[in-house]
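Residue numbers (our numbering), protein chains in the order written: chain F, 678 to 971; chain R, 6 to 264; chain L, 19 to 340.
Positions of the beta carbon are idealized from the N, C-alpha and C atoms, including for glycine.
No experiment lies behind these values; they were computed from the predicted model shown.
Below is one structure, written out as structure tokens; the observations come after it.
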Amino acid sequence: MGGVDYPQVLATGLTYGVIFALIALGYHLIYVSSGMLNFALGEQLAVAGLVVLSLTSAGVPFVLAVLLAVLAGAAFGAGYERLALRPASRMGLIGPLIASVGVSIVIGQGRVLIWGPNPRPMDPFTGDPNQSVAFLGGRWQIQSFWVIGLAVLAATALLLFLRFTWYGRAWRATAQSPVGARLSGIDPSVVSMSAVATASALVTIGGIAIAPIVLAGAFYALDFGVRAFAAAIIGGFTSTTGVLVGGIVVGLLDVWLASALSAEWSDVVLYTGLALALLLRPRGLFGREGVSRA
Amino acid sequence: MSVEPVLAGRGLVRRFGGVTAVSDVDIDIRPGEVTLVLGPNGAGKSTLVNCLTGVDRPDSGRVLVAGEDVTGRRPDQFNRMGVVRTFQHTRPFGGLTVAENVMVGAHGRTKAGFVRGTLRTPGARREEAALRDQAEELLAQVGLPGRGGARPTDLPLADERRVEIARCLAAKPRVLLLDEPAAGLGEAEADALADLVRRLCAEYDLGVLLIEHHLELALGMADSVVVLDFGKVIARGTPEEIREDPAVRAAYVGTEEEA
Amino acid sequence: MTRFLPKTAPWVAPVLVGVLVLLFAATQDSFYRLQLGTLSGIYAIAAIGLTLLFGAAGQISLGQAGLLGIAAFSTAYLTVDHGMGPVPAGIVAVAASTLVGLVLGWCALRITGHYLALVTLAFGLVFTELTRTVLPEGWYGVPPLAIGSLDLGDPQVFFVVVWAAVVLVLVGSSLLVRSRFGRSIAALRDDPVAASACGVDLARTKVAVFGIASALAGVSGWLFALYQGSVTETSFSFTLSFNLLIMVVIGGLGSPGGAVVGAVFLVLAPELGRRYEEYRLLSYGVILLLVLALLPGGLASIGRLVARPLRRRRDTPVEEPA
């Protein structure tokens, strides 16, 4: 199949990788604060671009549309956490997982009903869709820089927020001990709900940024979602650094495999690798020992 | 006239990270005798029980059942050797009735697998009938006659403890380890439980290891006492000797009650 | 709070199902509905397997469709490429999916809960991707069921055969959950540490229940291949795994009868609202969320409430002392 174009792998892999990292960051926020695995983030990513498209075609200025979409995403996340995920925890820890799959189906089907089954093209934030820049030996789409820039910005903002604000402390406290947190006056259910809201906001940003590249509303929710899971597993669900590193790694790995093998075989290798990683080292590269596995 | 211990630990050591929870502990449990393990919180008592029942594996040292080295075996293997235990926080099977909980206790000594169980072979049916009868008898014996159909989590704590004991007895054990059975109970309930344990110990010639905080109650029941502090044995002897022991007093400042 | 209701006698669900099936067969003259009825029976068997695995034993699996697919593909391969009879092919097919299921069971020994969910999901995805890559055309021309010279391929006959199998599996699994093994898997689900302390060999029990669930998935896959006459990977995607999960949740975790009801509901419900075809998946999602939030015991908990008089004798609690 010819040699692998490594600089191009870097360009594409990094672009996708930061998106995986954002989603994985969302999983991390939610898992650490409430122990839930959330399958819905992938679909939320896919819908994000469509929402913005609808708003802009209704005359809303682009930046405002993005802000509204992010806020709506956060609110939606808070809503389904309270209405769908939390009540399902009566069934044990698996309940919210199943509920989140249910939510992802609802979002996915809702998306088809509202916007139709065909994905839609979206203009890149700046520049011509066909334009690309030579950088580090590869050809980079202008939008890629937007994606990476926005993702880095969002992740950094979140990390600073977690490190330096009372919310961040509350989140960390709940992660270590829900009982202890409650005793300190922190309500774990509020932390849990805001974790989903924040994760939703993150993936909405990512979804809007990546939409010009992959088309808004394309059927990639499952693929993105599973790859982000792989990222979180490789990096360690409980490690903030881990999920970010994991995202980049999976992005690069995925694109490299697709160019070295074929696209289908890269899926097989990736998913098999995911299974093996789970079996051999569930805590990932950076996760803590003794992480709750149930 | 010392009988051979039915369960024994020799030089048991268990560490968690930097903390040594159990440090070079020797302990014997003899049939028909109640051995009391005392110690302040964090002294390593529950960890010791975990090591003696296969729930945890000691880092070094040996666990012996009737003289045989069984260190490192699984809890279900310990169960089949006649070693059973209750838990500090009761662990009933919430999805089963009380009677079914007790019947699970006999899992180790019964044989009907899923094939014979599903086909309802005569052997399997006999076994089931015997299990049901035994469960009814045991529930009556622990003071819960006729309560087999109830849901364990609907019961008050004292009754949940009794169900757990009945579940243990279903295995026809040789050794019973009780992890703070009186925790959370009132005076009268704790006394009643103590009576029950004494009766069962005598009737079934059980070796009993008892972890208890409730000093007076426990000393009244015990035939021999081992005192732990920071994972080490600091005193050993009869209840009377332990009552007088200054090292024990020091470890228990403020919590000891006069005889 | 889930109202705890002890089980009904084991013959209740099979008899009920048998009666309803006969009624259905007698009153339906639409060929299309008959076929749907057959399909729901086929899925019901896999759903029963999943409810035993997940509901009764607490082992989450998002890869049940993959096990179905293994058996279906094996059946197609053996009958079309090697001319094997449907029944011997079925035996090999079921053995194949059971074997893979046992491997998954071994995985479950090392990891639990969420991680097990992800591993089984990964397995399902690997199966789909692998078959798409290596066997994209699938197989066509799977012969209908025949035992020797006895032709059972006629749709009406096959319907009866499938539902006879469902009733058989229903009886077997109802007896299973009400046995010593059934208690041990409930103990495994509720508290593995305490279960082990009671003498339950966790490893053997887990692997055994995975084996049972995957054998049932295998039977389902074999019947599916015979029903459909062709096998392609699109039939065994994550969507199917998730649909089976929905059947189990709606029906009530751990209830074989509930799994059958869930299967029938999921397959036949679209018939009731033909005009709303495009809302089907959406409504499944919504129904699932409603059941999870409001009725965690599923339809089976309603069934047990209604069937109170049929409760097993020995479980009737004596009046509580004042």
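Collapsing the DSSP output to three states places A163/R in a helix. Annotated three-state conformation of R67/R is strand, per DSSP. Distances from the CA of A71/R to each of R79/R, V11/R, T25/R, R248/R were compared; the closest alpha carbon is that of V11/R. Excluding the 5 residues flanking it on each side, D196/R has same chain C-beta neighbours closer than 8 Å at L222, in chain order. Residue environment for V8/R: exposed (fewer than 16 other C-beta atoms within 10 angstroms of its C-beta).
Within the DSSP bridge table, the entry for R90/R names L182/R as partners. By alpha-carbon distance to G779/F, the top candidate from V37/L, V324/L, R322/L, V309/L is V309/L. Under the DSSP definition of a beta bridge, R816/F partners with A811/F. Interface flag for E941/F against chain L is set, since a Cβ pair is found closer than 7 Å. Excluding its 5 nearest sequence neighbours in each direction, A834/F has no C-beta neighbour in its own chain below 8 Å. At least one CB of chain R lies nearer than 7 Å to the CB of V218/L. Secondary structure at I60/L: helix, using DSSP grouped into helix, strand and coil. None of the residues of the stretch 101-135 of chain L has a beta carbon lying less than 9 Å from any beta carbon of chain R.
Under the Cβ criterion of 7 Å, H112/R is counted among the residues facing chain L. M870/F has a beta carbon lying at 7 Å or more from every beta carbon in chain L.
Listed along the chain, the chain R residues whose CB falls inside 8 Å of the CB of A31/L amount to none; the nearest CB is some 15 Å away.
DSSP, read as helix, strand or coil, puts T25/R in strand. Under the DSSP assignment, V232/R falls in the beta strand (DSSP E) whose first and last residues are 229-234. Contact annotation, S238/L with A64/L: C-beta distance approximately 4 Å; criterion of less than 8 Å satisfied. Taking R167/R as reference, the option from L182/R, G148/R, E185/R, A155/R with the minimal CA-CA separation is G148/R.
I247/R and L53/R have their alpha carbons spaced roughly 20 Å apart. Taken in chain order, the members of the stretch 180-212 of chain L whose beta-carbon sits within less than 7 Å of a beta-carbon on chain R are G190, L193, L194, S197, R198, F199, R201, S202, A204, A205, R207, D208, D209, V211, A212.
Partner residues in the beta bridge of D169/L, as assigned by DSSP, are A164/L. Taking one beta carbon from each stretch, the stretch 731-739 of chain F and the stretch 892-907 of chain F have fewer than 3 pairs nearer than 8 Å; the two do not touch. Taking every protein chain shown into account, the CB of P773/F has 16 or more other CB atoms within 10 angstroms, so this residue is buried.
By the neighbour-count criterion, in which 16 or more other beta carbons inside 10 Å mark a residue as buried, V810/F falls on the exposed side. Going by beta carbons, S710/F and V868/F fall inside the 7 Å limit.
Along the length of the stretch 249-332 of chain L, whole alpha helix (DSSP H) runs at least 4 residues long occupy 256-269, 274-290, 298-312, 316-324, reported in chain order. Per the C-alpha coordinates, the member of A213/L, G108/L, F260/L positioned closest to V160/L is G108/L. Judged by beta-carbon spacing, S877/F lies within the 7 Å limit of A751/F, meaning their Cβ atoms are closer than that value.
Short of 8 Å from the beta carbon of I264/L, and not among the five residues preceding or following it, lie these beta carbons of its own chain, in chain order: G280, L284, Y302, I305, L306. Counting C-beta atoms within 10 angstroms of its own C-beta, K116/R has fewer than 16 neighbours from the protein chains shown and is therefore classed as exposed. No Cβ of chain R is located within less than 7 Å of the beta carbon of S319/L.
Counted as a single uninterrupted DSSP element, the beta strand (DSSP E) harbouring L215/R occupies residues 212-216. Annotation: the continuous alpha helix (DSSP H) that includes V856/F extends over 855-860. Here P80/R is buried: its Cβ has 16 or more other Cβ atoms, across all protein chains shown, within 10 Å.
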